[in-house]
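For any residue, its number in the working numbering is found by taking its place in the sequence shown, counting from 1, and adding 4.
The C-beta atom is built at its ideal place from N, Cα and C for all residues, glycine as well.
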Amino acid sequence: MTRLIVFLVFVPLCLNGQIEMTPTKWKQDLTYLHKTLEERHANLYHSISKEDFGNGIENLIRLSHSLDDKELIVRMSELLARVGDAHTWLHPGYQDSWEFQRLPIKLNYFEDGLFITATDKAYKDLIGSQLLAINSIDVKGIKSQISQVGYNENAFTQLISYDRFIVITEVLKRFGIIDDLRHIPLTIKNESGTKEVVVNATTLKNIDWLSHSDIEKNLPIVYKHNDSLYWTHYNKIEHTYYVQLNSIDEDENHSFKQLAEDVLSATTTYKPKKLVIDLRRNVGGNSRLVYPLIYALMHYEKTIEDGQIFVIIGRWTLSASIVTCAEIHKYCNPIFIGEPTGAKPNLYGENSHRITLPNSGLSISYSSEYFKPFGPFIDEDWISPHIYVPIPSQDYFSFKQPILEAIYQYESPRKHVIDEIYELAMNASIDAALQVYFKFRDDPKNKYVDISNDLRRVAGKIGRNEKLDDSRRLYEQLHLDHPNNSLISVNLAQLYEDLKQLPKAIALYKKTLGLFSRDRKTDNYLKHYIEDYITGRLRTLDHGK
Numbered sequence: 005m006t007r008l009i010v011f012l013v014f015v016p017l018c019l020n021g022q023i024e025m026t027p028t029k030w031k032q033d034l035t036y037l038h039k040t041l042e043e044r045h046a047n048l049y050h051s052i053s054k055e056d057f058g059n060g061i062e063n064l065i066r067l068s069h070s071l072d073d074k075e076l077i078v079r080m081s082e083l084l085a086r087v088g089d090a091h092t093w094l095h096p097g098y099q100d101s102w103e104f105q106r107l108p109i110k111l112n113y114f115e116d117g118l119f120i121t122a123t124d125k126a127y128k129d130l131i132g133s134q135l136l137a138i139n140s141i142d143v144k145g146i147k148s149q150i151s152q153v154g155y156n157e158n159a160f161t162q163l164i165s166y167d168r169f170i171v172i173t174e175v176l177k178r179f180g181i182i183d184d185l186r187h188i189p190l191t192i193k194n195e196s197g198t199k200e201v202v203v204n205a206t207t208l209k210n211i212d213w214l215s216h217s218d219i220e221k222n223l224p225i226v227y228k229h230n231d232s233l234y235w236t237h238y239n240k241i242e243h244t245y246y247v248q249l250n251s252i253d254e255d256e257n258h259s260f261k262q263l264a265e266d267v268l269s270a271t272t273t274y275k276p277k278k279l280v281i282d283l284r285r286n287v288g289g290n291s292r293l294v295y296p297l298i299y300a301l302m303h304y305e306k307t308i309e310d311g312q313i314f315v316i317i318g319r320w321t322l323s324a325s326i327v328t329c330a331e332i333h334k335y336c337n338p339i340f341i342g343e344p345t346g347a348k349p350n351l352y353g354e355n356s357h358r359i360t361l362p363n364s365g366l367s368i369s370y371s372s373e374y375f376k377p378f379g380p381f382i383d384e385d386w387i388s389p390h391i392y393v394p395i396p397s398q399d400y401f402s403f404k405q406p407i408l409e410a411i412y413q414y415e416s417p418r419k420h421v422i423d424e425i426y427e428l429a430m431n432a433s434i435d436a437a438l439q440v441y442f443k444f445r446d447d448p449k450n451k452y453v454d455i456s457n458d459l460r461r462v463a464g465k466i467g468r469n470e471k472l473d474d475s476r477r478l479y480e481q482l483h484l485d486h487p488n489n490s491l492i493s494v495n496l497a498q499l500y501e502d503l504k505q506l507p508k509a510i511a512l513y514k515k516t517l518g519l520f521s522r523d524r525k526t527d528n529y530l531k532h533y534i535e536d537y538i539t540g541r542l543r544t545l546d547h548g549k
């Protein structure tokens with residue numbers, strides 16, 4: 005049966021272009037928002053409790069009597085960020101009904117600080133400068149506060165929020181950073197030294213943007229078609245075929261299916277040693293379009309001996325591009341490289357859905373579907389890169405490409421580190437095996453690679469080969485490095501039992517019971533099974549006393 009859904013379009017009352025709001029109207033809007041989100045969101049209470057969200061709505065209704073309208077809207081953005089998914093948000097700066105003021109700059113957070121990447125043409129001399137303070141307040145000290153507004157799915161989504169919301173003057177006012185909403189003092193640092201400049205806040209529509217890439221004439225190839233949905237390039241020197249996917253959408257002049265055929269043709273024509281799918285700027289689209297491309301990648305792996313697929317990811321890899329990563333991972337053997345994604349691998353999505361509030365006209369995004377492309381047992385905060393390659397600000401502004409350089413230089417290891425550790429433990433010594441582990445763990449490029457559960461299984465295999473003391477040493481090191489992993493903890497407690505170290509076994513069993521609330525990597529059903537097992541072991545061990 006086909007349902008006819010009628011959307012009512014509310015036109016807020018305006019007087020001389022200014023929306024007239026009252027506490028009564030705000031109560032109507034907030035009540036409508038609460039009710040509509042409960043009805044339409046795929047699972048409004050996946051990260052915030054029903055009680056806490058309801059209390060948040062009631063608090064906003066109370067604050068409508070004391071705060072001005074724009075201050076209240078910023079508080080609404082904070083509450084929606086607590087829903088905890090990157091598709092449920094309110095951005096004050098993108099509201100047609102409200103003209104929020106903002107700094108005439110764009111920012112990007114690098115590991116070495118917060119830098120200005122674009123400005124209104126009137127402030128072009130600021131491009132490339134590091135922003136140290138706003139109104140003499142260190143930007144490092146307000147990072148956690150600003151990140152509470154906007155998007156809040158994981159730590160990398162919060163970095164996006166930090167960049168995008170620190171420039172909204174009402175957000176700065178909300179956290180006591182500025183009083184004057186028009187003229188904002190900034191402390192910046194560049195090649196000339198540290199100085200203070202004052203910029204005039206304005207509305208988004210009044211800014212004539214100029215970015216660092218607009219100034220450069222001889223741009224590297226990866227920057228030359230950033231306005232395209234997707235494009236390809238073959239580097240014959242590095243024998244690498246590069247596909248930049250900036251959106252999972254149809255180009256009216258070149259279909260997604262045609263893109264996949266281009267990739268298929270290229271694998272036959274060029275026989276590239278490496279194939280790169282660049283998703284670092286891809287915020288989403290229609291994930292159903294990607295399957296012809298998936299087939300092309302499968303064909304590449306099947307026909308090109310030792311061919312390698314690399315997928316570049318980052319904080320702006322969101323929504324449908326997360327699903328794309330998952331599908332490539334499901335059917336191929338890609339190497340993820342870059343930084344962690346800005347969304348979880350199992351995510352709440354569908355960003356095209358909006359709620360328009362009847363009086364204020366505010367447009368609010370919400371998630372209408374839940375996607376589990378990585379299966380029911382994985383609850384990670386992000387898709388982790390196999391090779392972590394951050395881009396320092398110096399490389400960004402000089403247009404260096406450390407990720408591509410890492411891809412060009414990459415050689416597949418002759419032996420996986422897990423196999424190497426196991427063979428050393430069995431044939432050499434546990435000390436040699438641990439040294440290999442420490443070297444891998446402490447390498448910056450492996451910062452987001454978690455091999456703890458693989459090594460947990462290695463420790464078990466060592467123990468089954470009657471090397472109980474070596475097994476204990478590996479388990480103990482893993483427990484030290486991953487204290488909240490309940491599986492490592494219970495396995496180590498079992499080994500203590502086998503070694504007749506019963507006080508240690510009992511203490512660790514009891515500790516494991518307290519880990520379940522913090523262990524998000526183990527399925528809940530398995531947690532209940534382990535809990536029952538531990539309870540039984542403790543009963544037996546206590547009785548044995």
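Rounded C-alpha distance that separates residue i from residue j
{"i": "residue 62", "j": "residue 331", "result": "42 Å"}
{"i": "residue 542", "j": "residue 496", "result": "15 Å"}
{"i": "residue 507", "j": "residue 478", "result": "20 Å"}
{"i": "residue 304", "j": "residue 244", "result": "12 Å"}
{"i": "residue 161", "j": "residue 546", "result": "47 Å"}
{"i": "residue 533", "j": "residue 517", "result": "12 Å"}
{"i": "residue 264", "j": "residue 338", "result": "17 Å"}
{"i": "residue 8", "j": "residue 369", "result": "The predicted model places residue 8 with a pLDDT of 33, which falls under 50 and marks its position as unreliable; any figure quoted below should be read in that light. Whole-angstrom Cα-Cα distance: 22 Å."}
{"i": "residue 275", "j": "residue 308", "result": "7 Å"}
{"i": "residue 205", "j": "residue 128", "result": "15 Å"}
{"i": "residue 238", "j": "residue 260", "result": "18 Å"}
{"i": "residue 231", "j": "residue 214", "result": "15 Å"}
{"i": "residue 45", "j": "residue 383", "result": "20 Å"}
{"i": "residue 538", "j": "residue 364", "result": "55 Å"}
{"i": "residue 55", "j": "residue 41", "result": "14 Å"}
{"i": "residue 400", "j": "residue 474", "result": "46 Å"}
{"i": "residue 2", "j": "residue 252", "result": "Given that the chain is displayed from residue 5 to residue 549, the structure contains no residue 2 and the question cannot be resolved."}
{"i": "residue 456", "j": "residue 489", "result": "9 Å"}
{"i": "residue 1", "j": "residue 420", "result": "Outside the modelled stretch of the chain, which goes from 5 to 549, sits residue 1, for which no answer is possible."}
{"i": "residue 285", "j": "residue 197", "result": "32 Å"}
{"i": "residue 185", "j": "residue 353", "result": "35 Å"}
Span of the beta strand (DSSP E), counted from its first residue to its last, around residue i
{"i": "residue 280", "result": "278 to 282"}
{"i": "residue 247", "result": "244 to 249"}
{"i": "residue 193", "result": "187 to 194"}
{"i": "residue 215", "result": "213 to 215"}
{"i": "residue 275", "result": "Careful: residue 275 lies outside any beta strand (DSSP E) and carries neither H nor E."}
{"i": "residue 375", "result": "373 to 375"}
Backbone secondary structure at residue i - three-state DSSP
{"i": "residue 20", "result": "Residue placement at residue 20 cannot be trusted, given a pLDDT of 41 that sits under 50; what the coordinates show is reported in the next sentence. Coil at residue 20, not helix or strand."}
{"i": "residue 15", "result": "Caution applies to residue 15, whose pLDDT of 43 falls short of 50 and renders its modelled position unreliable; the model cannot decide the point."}
{"i": "residue 105", "result": "coil"}
{"i": "residue 54", "result": "helix"}
{"i": "residue 60", "result": "helix"}
{"i": "residue 546", "result": "helix"}
{"i": "residue 270", "result": "helix"}
{"i": "residue 218", "result": "helix"}
{"i": "residue 94", "result": "coil"}
{"i": "residue 264", "result": "helix"}
{"i": "residue 122", "result": "strand"}
{"i": "residue 134", "result": "strand"}
{"i": "residue 393", "result": "coil"}
{"i": "residue 203", "result": "strand"}
Alpha helix (DSSP H) segment containing residue i, residue limits
{"i": "residue 412", "result": "406 to 413"}
{"i": "residue 162", "result": "159 to 169"}
{"i": "residue 85", "result": "73 to 85"}
{"i": "residue 43", "result": "27 to 44"}
{"i": "residue 176", "result": "173 to 178"}
{"i": "residue 149", "result": "147 to 150"}
Count Cβ pairs between the segment 385 to 392 and the segment 315 to 327 that sit closer than 8 Å; are there 3 or more? yes
Contact between the segment 132 to 146 and the segment 191 to 200: three or more CB pairs below 8 Å? Contact holds: three or more Cβ-Cβ distances are below 8 Å.
Taking only runs that begin and end inside the segment 397 to 484, name each unbroken alpha helix (DSSP H) of 4 or more residues, in chain order. 397 to 401, 406 to 413, 421 to 431, 434 to 446, 456 to 468
Contiguous beta strand (DSSP E) assignments of at least 3 residues, all confined to the segment 288 to 368: 312 to 317, 339 to 342, 351 to 353, 358 to 360
Please go through the segment 477 to 544 and give each complete beta strand (DSSP E) segment of 3 or more residues, from N-terminal end onward. Correct list: empty.
Would you say the segment 41 to 59 touches the segment 110 to 122, given that touching needs at least three Cβ pairs under 8 Å? no
Is the segment 24 to 39 touching the segment 53 to 62 in the sense that three or more CB pairs, one from each, lie closer than 8 Å? Two segments are said to touch when three or more pairs of C-beta atoms, one from each, lie closer than 8 Å; by this definition the segment 53 to 62 touches the segment 24 to 39.
Check whether the segment 439 to 447 and the segment 342 to 362 are in contact - that is, three or more C-beta pairs closer than 8 Å. no
Quick test of the definition: if touching needs 3 or more C-beta pairs under 8 Å, does the segment 454 to 474 touch the segment 423 to 433? A contact exists between the segment 454 to 474 and the segment 423 to 433.
Contact the segment 163 to 176 vs the segment 96 to 108: 3+ CB pairs below 8 Å: Cβ pair count under 8 Å is three or more, so yes.
Cβ contact (3+ pairs, closer than 8 Å) linking the segment 149 to 163 and the segment 217 to 224: Inter-segment contact for the segment 149 to 163 and the segment 217 to 224 is absent: fewer than three beta-carbon pairs are separated by less than 8 Å.
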